[in-house]
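Residue numbers (the working numbering), protein chains in the order written: chain F, 1 to 325; chain W, 326 to 650; chain U, 651 to 975; chain E, 976 to 1300. Think of the CB as a built atom: it goes at the ideal place given N, C-alpha and C, for glycine as much as any other residue. See structure below.
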């Protein structure tokens, strides 16, 4: 089918490529003219503005917005909504907060415009492996764009099938899922990222314990010099904790066994934070997901006011001097 | 090669089978005579006692002890050590605390007996998939038993290879690794299990947040009825958090979408606890691994004294009544 | 001075009493006529409606709203704002979310009405001990109502003075503080409650460890039967962890050493949740405050979906049966 | 009564002084001859060696060992036990691990020597305020030394009494408590310190949230410049979270509002770690006490291997560059 794509960064560009490879027609726009012309060379129809893009699409139109979340997505969708017509579809494939999806879908519905939110996972590997997609929106609209979703998804591939799935949604096995009404896609993707933080932190703590097993704090006959590179590799093979994140870890360690190429200052994106907020709204305990987030916060600080307060109290009651030299 | 195996439960029995399939000769013993005779029928040489087993092995002997950790393993190895000769090898394939390995190896060394600890992961799937093994012991001894380890390990199989592994231990890619001196194998296995708890808890929290997204505590237009069975499945396909534990989760949910066949009371084994102790000894922060353990503790309680204390304080300062009806 | 008070529950009623004792004139209103007449008997001027209350106050008026946070406070302030005149003052003494204060102050400012938010701590003990108050609002307005605040505050009393406070706000020693513009009072009170949760949980965990020191899981010669009632008492006397919350704990334990009068199901109010949200917004790690909140969430559940998922995974890889009987 | 005191550091010296003030006779020894002669000048009988100290005490002797925990305490008690006679009493007033107390008491009992463990809280303030003491040992022995304990304890003082304490141990109100057999004193003291860590961390996190409320990450109209010095002070006055640790915090902040005199690198002692180990042995969830300990661990590191692993994974799946410049 024909689809417009706005935002041709690493994610958006590869989405266009994966769509074209499978025979879809794309009309593409980005504020950076050079990426537009590059994709035009690869077979896309370039557009010079949002209105140009809209004018080049047959009705009812489908437009995939693939921009960094936040203000620019909001502004683009607002402008788009004034250019589109009733029964057109806007797909937000970015990392939008799901409550914004709910609000937008409601407001666009008044104009007859459909809104679909797609959370995608797969990162820089998506062009090759396909994108795992979690989708929110009205059923008939999600079905209307099914061929696009099917193309972008990984497909069944060689991954072993789960028994007893008769009666469940077959699309899940293809790597895409209609999760519920507008917002549900980004909500599920948000939780996915929350889990991702937790899993990453579980590995990180475990490897830290391995790494420090030669610590001089330990009795000499209880120290080991462990090769974390080989351990990551062996765990990929038949262990309970094999995973794609472990595969990536094994790759990193094989190249940089000490990881000294990394500073240790770790960013976090909105999804990890929103997941905790969601847990709190639902009164669901989420100690692991929270701890994972807090580790990232702490990793970006020198010393916190909190830590200085601890020293201040220790000095207060015990005369323990942890003052600056 | 020829090897004695003591303990023919689910793990031990399948180890014998996997060894025999690959041409190794096994002499087997278990306190339960029926499992001995069953494996004899399958080709093993049965033994009626530890001394019978020892007498049926050529020197230098190799004996794999595969018993539930703790007192019975300790008692068996003590008895074995009085029956074996210098240069024989005892392999402890159970879930022994690594400091016990260090102690035992030292004490057996005085008798000239070699000690090898093997942590195995793979659970009930090991017969078919092979066992991921983490090994501690002296280099020449570990090399002497290499053919046995190679047979038990999963082998390279179809799992994609990690680039840049030139110069690293090739056995890791086969699914087994000599981690260091006695104790190192069980130490690495222990941390593996610690990580396992953390990863499981990360998924569990995330799915709990999905599951409760229809909570009446939430504003009505922010509730979703999410299908966690389908979500587990879609995440297996190209998402960042795909893993073997997720595969298992998807299987469980396909059979029992509500999981109401489980009580929710979750056990923990020594490894999870020892991992936290190890972290503390090394002064390594392990908030996620700890939180995962504590969740299991709490899952087995009705209401804790701690929670009643909270109510008591709330009543004290605020007159909040959380007393029994 | 003269002041209107709306909401005569446990907190509001005692505030009126403490004000009258110190010579202030109060005009009081509550939806429940009987509490109005009760306070009238004690010397207050009763009002039969919001407009009646407004009409009985001299201009510029001061009205203290002391209602449970949320919709009713919002509705009352909205109605009040239509009855009051420019230069009147609305004080919200409840547990309002500070962002609502910021919004309200802005909207009331357009009508010339001043808004002051007062977070109060001290619970049911306030009538006797005075209320610790954290105040947000414009400086001249907070100064205008100073005599009321001074009356409600505990005063210096017999609490030892902190050295080196020359140059700091003297009101802090009286037990009330102008923290900043509108919202700052409730923000500081919110964090106060977050800390309260953390401290309570620290005691609760410690006492739980004492309480379970006779657990049959422990080696027999390492078990103690500890008297937690006496331990709470001795810690009140010269220990580093003496506190008012410990005083309350000692009182509870003296009456009910087993605390079996409490169910163990513990509520949480908005402040604990908002504190975590605030920490996340600021990227401040708050593991203790979060853990305290999550314990309360968990205390109100039977078994969580999360726990069942753990069992499902354990069954998946290890055949561990934690299924219902 | 007469008592020997070994170890005349800050704690031991002040204990001797508090004992002498109340009329007890002390025989004192320290490896540093100058502190012995200083206390001799103040009225103590100096000893030049352990055996000299033993020879100067009337039988049955009572010796208080007040040394930093660990090897030196162990060595001193071992030497003492060869010098003392049946029915003598050794008191360990240091921070000994309670399992060492259990072991020692058992071994000394074979020689007829009594062993009492005393955990003390109160830090550098003890000379003036008295020491809160938690005591383990046999009942008749603890009673034999009661006059010494009573002297060292704070006494009832001006602290309000807890109602309903009829029938409980009256000594608790004096600030000392016989908790149980040998080891019970140090066990209770250990948990006290675990709680102390948790409470300190609760305050630290809360103040950190206050401190960062002017963070540029926040929307401009939601930022406050909060005066944490004044907030600490106001909370001392009638708030639910008033405590001695808060008093100390208020003192520190009054002198150094930014706390920039502290590095933020925070030590931990054995008790915090042992408390977590005890919780794990008992299967008691202790998320807050653990989090408090981990914060201290992290405060002493630059960047952890764990954090670099997070960056490595993020780079692996998302191309996020957190590498060194």
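C-beta neighbour in chain F for residue 1205 of chain E, strict 7 Å | For this step, residue 1205 of chain E is matched to residue 230 along the fourth chain. Cβ-Cβ to chain F under 7 Å: no for residue 1205 of chain E.
Can you list, in chain order, the residues of the stretch 282-298 of chain F whose Cβ is nearer than 8 Å to any Cβ on chain U?
-> From the stretch 282-298 of chain F, only 283, 284, 285, 286, 287, 290, 291, 293, 294, 295, 297 and 298 have a Cβ closer than 8 Å to chain U.
Determine the DSSP secondary structure at residue 1086 of chain E, reduced to helix, strand or coil.
-> For the purposes of this step, residue 1086 of chain E is identified with residue 111 of the fourth chain, where counting begins at 1. Of the three classes helix, strand and coil, the one that applies to residue 1086 of chain E here is coil, per DSSP.
Excluding sequence positions up to five away, which residues of its chain have a Cβ less than 7 Å from the Cβ of residue 339 of chain W?
-> The residue you call residue 339 of chain W lines up with position 14 of the second chain. For residue 339 of chain W, same chain residues with a beta-carbon under 7 Å away, outside a window of 5 residues either side, are 451 and 452 in chain order.
At which residues does the alpha helix (DSSP H) containing residue 131 of chain F begin and terminate?
-> As a position in the first chain, residue 131 of chain F is number 131, starting the count at 1. Unbroken run through residue 131 of chain F: none, as it is neither H nor E.
Start and end of the alpha helix (DSSP H) containing residue 41 of chain F?
-> Sequence index remark: in the first chain, residue 41 of chain F carries index 41 (1-based). 33-41 is the span of the alpha helix (DSSP H), which, as asked, contains residue 41 of chain F.
State the Cα-Cα distance for the pair residue 1065 of chain E and residue 504 of chain W, rounded to the nearest angstrom.
-> What you label residue 1065 of chain E is simply residue 90 of the fourth chain in a count that begins at 1. What you label residue 504 of chain W is simply residue 179 of the second chain in a count that begins at 1. Cα-Cα distance, rounded: 46 Å.
Residue 770 of chain U burial status per 10 Å Cβ neighbour count (16 or more: buried) | Your numbering for residue 770 of chain U matches position 120 in the third chain. Under this definition residue 770 of chain U is a buried residue.
How many angstroms separate the CA atom of residue 401 of chain W from the CA atom of residue 354 of chain W?
-> Looking up residue 401 of chain W in the second chain gives position 76. Looking up residue 354 of chain W in the second chain gives position 29. Cα to Cα, the separation comes out at about 12 Å.
Taking all protein chains shown into account, decide if residue 996 of chain E is buried (16 or more other Cβ within 10 angstroms of its Cβ) or exposed.
-> By 1-based counting over the fourth chain, the position of residue 996 of chain E is 21. Residue 996 of chain E comes out exposed.
Helix, strand or coil at residue 842 of chain U according to DSSP, with G and I counted as helix = The residue labelled residue 842 of chain U in the question sits at position 192 within the third chain. Correct three-state label for residue 842 of chain U: helix.
Residue 120 of chain F, DSSP secondary structure in three states = Here the question's residue 120 of chain F lines up with position 120 in the first chain. It is a strand residue.
Run through DSSP, which three-state label would residue 16 of chain F get?
-> On the first chain, residue 16 of chain F is found 16 positions in, with the first residue counted as 1. Reduced to three states, the DSSP call for residue 16 of chain F is helix.
Consider the Cβ of residue 967 of chain U: report whether some Cβ of chain F lies at a distance smaller than 7 Å.
-> Taking the first residue of the third chain as position 1, residue 967 of chain U is located at position 317. Contact with chain F is found for residue 967 of chain U, since one of that chain's Cβ atoms lies less than 7 Å from the residue's Cβ.
List the residues of chain E that residue 486 of chain W touches, going by C-beta distances under 7 Å, in chain order.
-> Position 161 of the second chain, counted from the start, is the residue given in the question as residue 486 of chain W. Neighbours of residue 486 of chain W on chain E: none; closest Cβ ~16 Å, over 7 Å.
Would you list, in sequence order, the uninterrupted alpha helix (DSSP H) runs of no fewer than 4 residues that lie entirely inside the stretch 861-931 of chain U?
-> Taking 4 residues as the minimum length, the alpha helix (DSSP H) runs contained wholly in the stretch 861-931 of chain U are 878-885 and 894-905, in order along the chain.
Under the rule that 16 or more other beta-carbon atoms within 10 Å means buried, what is residue 1300 of chain E, buried or exposed?
-> Here residue 1300 of chain E refers to the residue found at position 325 when the fourth chain is read from its first residue. Interpretation of residue 1300 of chain E is limited by its pLDDT of 46, a score under 50 that renders its predicted location unreliable; no figure is taken from the coordinates.
Taking three-plus beta-carbon pairs below 8 Å as touching, is the stretch 829-840 of chain U in contact with the stretch 1238-1255 of chain E?
-> Fewer than three pairs of CB atoms, one per stretch, sit closer than 8 Å, so the stretch 829-840 of chain U makes no contact with the stretch 1238-1255 of chain E.
Option in F/316, F/231 and F/228 with minimal Cα separation from residue 1237 of chain E | As a working mapping, residue 1237 of chain E is identified with position 262 in the fourth chain. Sorting F/316, F/231 and F/228 by C-alpha distance to the C-alpha of residue 1237 of chain E places F/316 at the top.
Out of F/245, F/109, F/33 and F/220, point me to the one whose CA is closest to residue 1285 of chain E's CA.
-> As a position in the fourth chain, residue 1285 of chain E is number 310, starting the count at 1. Distance check between residue 1285 of chain E and each of F/245, F/109, F/33 and F/220 places F/245 closest, using alpha-carbon atoms only.
Proximal chain F residues relative to residue 884 of chain U, where beta-carbon distance stays under 8 Å = The residue you call residue 884 of chain U lines up with position 234 of the third chain. Correct list: empty, because the minimum Cβ distance to chain F is about 17 Å.
So residue 955 of chain U packs on residue 533 of chain W, CB below 8 Å; how close in whole Å?
-> Looking up residue 955 of chain U in the third chain gives position 305. Looking up residue 533 of chain W in the second chain gives position 208. The C-beta distance from residue 955 of chain U to residue 533 of chain W rounds to 5 Å, short enough to fall under 8 Å.
Using three-state DSSP, classify residue 1020 of chain E as helix, strand or coil.
-> Within the fourth chain, the letter at position 45 stands for residue 1020 of chain E. The answer is strand: DSSP assigns residue 1020 of chain E an E or B state.
Listed by chain order, chain U residues near residue 973 of chain E by CB distance under 7 Å = As displayed, chain E neither begins before 976 nor continues past 1300, which places residue 973 of chain E out of reach and without an answer.
Would a check of beta-carbon distances place residue 191 of chain F closer than 7 Å to chain E?
-> In the first chain, the residue the question calls residue 191 of chain F occupies position 191. No, because no Cβ of chain E sits closer than 7 Å to the Cβ of residue 191 of chain F.
Tell me, please, whether the CB atom of residue 930 of chain U is closer than 7 Å to any CB atom in chain F?
-> By 1-based counting over the third chain, the position of residue 930 of chain U is 280. Yes - at least one Cβ of chain F is within 7 Å of the one on residue 930 of chain U.
Consult DSSP for residue 533 of chain W and reduce its assignment to one of helix, strand or coil.
-> Your numbering for residue 533 of chain W matches position 208 in the second chain. Three-state result, residue 533 of chain W: helix.
Are at least three pairs of beta-carbons, each pair with one atom in the stretch 200-215 of chain F and one in the stretch 128-146 of chain F, less than 8 Å apart?
-> No: the two stretches stay apart, fewer than three of their Cβ pairs being nearer than 8 Å.
CB residue 1216 of chain E to CB residue 838 of chain U, shorter than 7 Å?
-> Mapped onto the fourth chain, residue 1216 of chain E falls at position 241. Mapped onto the third chain, residue 838 of chain U falls at position 188. No; because the gap between Cβ atoms is not below 7 Å, this pair is not in contact.
Along chain U, in chain order, which residues have C-beta atoms closer than 9 Å to that of residue 1089 of chain E?
-> The residue you call residue 1089 of chain E lines up with position 114 of the fourth chain. Within chain U, no residue has its beta carbon less than 9 Å from that of residue 1089 of chain E; the closest one is some 18 Å off.
If you count every other CB in all the chains shown that lies within 10 Å of the CB of residue 893 of chain U, and 16 or more means buried, which is it?
-> Locating residue 893 of chain U in the third chain gives position 243, where the first residue counts as 1. Residue 893 of chain U comes out buried.
Starting from the Cα of residue 395 of chain W, find the closest Cα among W/410, W/374 and W/429 and give me that residue.
-> In the second chain, the residue the question calls residue 395 of chain W occupies position 70. The shortest C-alpha separation from residue 395 of chain W is found at W/429.
N-terminal and C-terminal residue of the alpha helix (DSSP H) that residue 1126 of chain E is part of = The sequence position of residue 1126 of chain E within the fourth chain is 151, counting from 1. Taken as a continuous stretch (DSSP letters only), the alpha helix (DSSP H) holding residue 1126 of chain E covers 1121-1127.
Flag this pair as yes or no: are the beta carbons of residue 916 of chain U and residue 435 of chain W separated by less than 7 Å?
-> For the purposes of this step, residue 916 of chain U is taken as the residue at position 266 of the third chain. For the purposes of this step, residue 435 of chain W is taken as the residue at position 110 of the second chain. Against a cut-off of 7 Å, the Cβ pair of residue 435 of chain W and residue 916 of chain U comes out as no contact.
Identify whether residue 1074 of chain E lies in helix, strand or coil by the three-state DSSP scheme.
-> Here the question's residue 1074 of chain E lines up with position 99 in the fourth chain. Three-state DSSP puts residue 1074 of chain E in a helix.
Would DSSP call residue 197 of chain F helix, strand or coil?
-> Counting from 1 along the first chain, the entry for residue 197 of chain F is found at position 197. Looking at residue 197 of chain F - three-state DSSP - the assignment turns out to be helix.
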